[in-house]
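Residue numbers (our numbering): 288 to 524.
Here's what the structure looks like:
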């Protein structure tokens, strides 16, 4: 199973939110590239980056910070937050970013998303509040269910689905593995669970679910609830 440490960017700093609320932002690092290098030293292969400011504004805001991270590590990076079209993707691709997360675009322009997935490694971000897809930095909740959006991408070239139960995100209350499994079954895509990882037991339990390809770890690391070096050793066994 793939383990993806997370760096969420706000005003150039690495932060974590609770339930996606920007007012709850807590700064964990003022030098995100140093943080990324630490993850690499721990044994990470992938890094999950979200431009939180970009998600709200619909455009890249923390591009320079992401560029610095890309230059300073050999990590495979996936980026989300504010990616709206092919030009945005190309800018990140030029930095060496490997996978591009579409959230709002994946909901609002399904045809564009499917076409982009034929050319680029696209991950569809399905973030759910009470079972329905939330977009624009989770500020707006649509009338489309998360499972329905997953089904729409079943026969597409989309590389992965990243699913988040917003009620769990940043709460250290345990990942919603059932939600992630159902998304995987509906989409037929490799599915990455996000939101709520509490401790290493969550990782052990997720490993037992064949349908789940990976998991994103954020606040559990930042708050000292999980030792990433132990996690990567566990995955190697």
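Yeah, the Cβ is synthetic: ideal placement off N, Cα and C, and Gly gets one too. Quick caveat, the model's predicted, so the values are computed rather than measured.
Put simply, the segment 392-409 touches the segment 368-376. At least three CB pairs are less than 8 Å apart.
In the same chain as residue 355, and ignoring 5 residues on each side of it, the C-beta atoms closer than 6 Å to its own belong to 320, in chain order.
Collapsing the DSSP output to three states places residue 435 in a helix.
In the three-state DSSP reduction, residue 396 falls in the coil class, being neither helix nor strand. If you ignore the 5 residues before and after residue 385, its C-beta comes within less than 7 Å of the C-beta of 363, 364, 365 and 408, all in its own chain and listed in chain order. Distances from the CA of residue 450 to each of 443, 430 and 484 were compared; the closest alpha carbon is that of 484. The alpha carbon of residue 292 has as its nearest neighbour, out of 300, 336 and 306, the alpha carbon of 336.
Fewer than three pairs of CB atoms, one per stretch, sit closer than 8 Å, so the segment 471-481 makes no contact with the segment 507-515. It is roughly 9 Å from the alpha-carbon of residue 345 to the alpha-carbon of residue 391. In the structure shown, residue 338 adopts extended strand secondary structure according to DSSP, grouped into three states.
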